[in-house]
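Visitor: In mature numbering (1 follows the signal peptide of the UniProt record, and there is no 0), the protein residues as written are -35 to -1, 1 to 326. The C-beta atom is built at its ideal place from N, Cα and C for all residues, glycine as well.
#1: Just to confirm, are residue 328 and residue 194 a CB contact at a threshold of 8 Å?
#2: Counting along the chain, where does the alpha helix (DSSP H) carrying residue 182 start and finish?
#3: For the pair the stretch 3 to 18 and the stretch 41 to 50, tell me if three or more CB-CB distances fall below 8 Å.
#4: Just to confirm before moving on: does the CB-CB distance between residue 266 and residue 212 stay below 8 Å?
#5: Spatial neighbours of residue 190 within its chain, please: C-beta separation below 6 Å, excluding the five flanking residues on both sides.
#6: Write down every uninterrupted run of the alpha helix (DSSP H) in the stretch 112 to 148 whose length is 4 residues or greater and which is fully enclosed by it, in chain order.
#7: Going straight from the alpha carbon of residue 282 to that of residue 30, what length do you get?
#8: Please identify the residue among 187, 185, 183 and 177 whose C-alpha is closest to the C-alpha of residue 199.
#9: Under the rule that 16 or more other beta-carbon atoms within 10 Å means buried, what is residue 33, buried or exposed?
#10: By alpha-carbon positions, which one of 216, 56 and 210 ends up nearest to residue 228?
#11: Just the C-alpha distance for residue 73 and residue 6, rounded to the nearest angstrom, thanks.
#12: Say whether chain B places a C-beta atom closer than 8 Å to the C-beta of residue 274.
#13: Measure the beta-carbon distance from residue 167 to residue 188 and round it to whole angstroms, keeping in mind my assumption that it falls under 8 Å.
#14: Answer with buried or exposed for residue 141, where buried requires no fewer than 16 other C-beta atoms within 10 angstroms of its C-beta.
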């Protein structure tokens, strides 16, 4: 009997004498499919701490009975701090739900996990009266509206409901993906008054968090710009605004103020505006922007905004993802199927601006 026969016979004896359940588990573990499942594809996310806190807001007294009070109009910060962390964190500011930062449309990893894995402290932000910070100081009446079809077109999934753009970075055949996408919403309160209210709390959040770059989506961009003006510290180290429709300009420069419009613009004194020249800003837009007038216009206004920031000594740029070779992106590019490639563009920007160093470097 040669060596191969002896080893095969010994192996057969071992399998026959082994308890059935153990044999089954070992057989499964030796199969290529099981090995592939167990193979670690990404390093684990190791956190030093995670938690949450409220920030900002005010306390109001009950009319006629000042002994009774209400603490309200605060923001909510949920934080995730890696063990091996970078010096500058990322505050993720939505305009729909924190869900858009947590997962890709198909349930894959969102920006939260992608950048935690890279070592960035992550802060998920709900502004006053939104999400987990909806304890308002004023009466609020929620009136259901019928947004599904409008959102489909506004977020540039297609020209009309369920008629998807060709090449879209969305799992168009997955009905549950669209079901999840359209439910990730809160009432947005798109007014200048609300933007300033959120900026008050946002500025205090920036002061408390420490060095941070704001990643924003849609109307969150306007609020982050205003928050940078309200912050008392120099903790705001950058803003990367995905598809921002709202802007602030110095008085006498840029488009005329529209205080009654849902996304402004509004104006502030030049001395105040110059706070936005103290850190780098990037305005990012996805694909199909020519199919929706609001986004084609927003790109033009973003270029004007950057020109003015740069003229006053700042550092502002507009990035169209198709110009970076990324096609098919929606209004929420960081949740699209190619979000890792979109994240790579952000990582490049953070590196160019010196914002990716690890603590202690």
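Guide: In short:
#1: Lying before the first or after the last residue shown, residue 328 is absent from the chain, which here runs from -35 to 326.
#2: From DSSP, residue 182 is part of no alpha helix (DSSP H) but of the beta strand (DSSP E) over 177 to 182.
#3: Contact between the stretch 3 to 18 and the stretch 41 to 50 is present, with at least three C-beta pairs closer than 8 Å.
#4: The Cβ atoms of residue 266 and residue 212 lie closer than 8 Å to each other.
#5: For residue 190, where only same-chain residues beyond five positions count, the Cβ hits under 6 Å are 213.
#6: Scanning the stretch 112 to 148 from its first residue to its last, the whole alpha helix (DSSP H) runs of 4-plus residues come out as 113 to 119 and 140 to 148.
#7: Answer to the nearest angstrom: the Cα atoms are 52 Å apart.
#8: Residue 177 is the option with its Cα nearest to residue 199.
#9: Residue 33 is exposed by the Cβ-count criterion.
#10: Proximity to residue 228 across 216, 56 and 210 peaks at 210, based on C-alpha coordinates.
#11: Rounded to whole angstroms, residue 73 and residue 6 show a C-alpha spacing of 13 Å.
#12: Protein chain content of the structure displayed is limited to a single chain, and chain B is not contained in it.
#13: Correct: roughly 6 Å between the Cβ atoms.
#14: Residue 141 is exposed by the Cβ-count criterion.
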